[in-house]
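Here the sequence shown is numbered in my numbering, starting from 1213 and rising by one per residue. Note that CB positions come from ideal geometry on N, CA and C, so glycine has one too. For reference, the structure discussed in these notes is given below.
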Amino acid sequence: MTTKQRGVLHSLCMFDCYMSASEIADEELKEIVRHQLARYHSTTGVDGRLSWGVTAVGHTISRQIMLGKL
1213 MTTKQRGVLH SLCMFDCYMS ASEIADEELK EIVRHQLARY HSTTGVDGRL
1263 SWGVTAVGHT ISRQIMLGKL
């Protein structure tokens, strides 16, 4: 896992975020979704904007990283 992926995963553990166009196109960030550490979802009332947040597995891995176990 890259430093960028670790930082994004840590941020998503604190709160869900709206995705920018550059994040949607970023292959490095798509990998954390492919590995089911984060997920995309749509927010009702917000047209055309995707949000993303951490999954339970992603939260566990982020916690292990913070504790220095990974």
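Closest residue to residue i among the options (Cα-Cα distance)
i, options, result
"Cys1225", "Gly1270, Tyr1252, Thr1256", "Gly1270"
"Leu1366", "Arg1261, Arg1275, Ser1232, Ser1234", "The shown model of the chain, from 1213 to 1282, leaves out residue 1366, and the question about it has no answer."
"Thr1267", "Thr1255, Arg1246, Thr1256", "Arg1246"
Bounding residues of the alpha helix (DSSP H) (the contiguous stretch that carries residue i)
i, result
"Arg1218", "1215-1226"
"Gly1270", "1268-1278"
Check whether residue i and residue j have beta carbons under 8 Å apart
i, j, result
"Tyr1252", "Leu1262", "yes"
"Leu1282", "Ile1273", "yes"
"Leu1221", "Ile1236", "no"
Three-way DSSP call (helix, strand, coil) for residue i in this model
i, result
"Arg1251", "strand"
"Ser1234", "helix"
"Leu1241", "helix"
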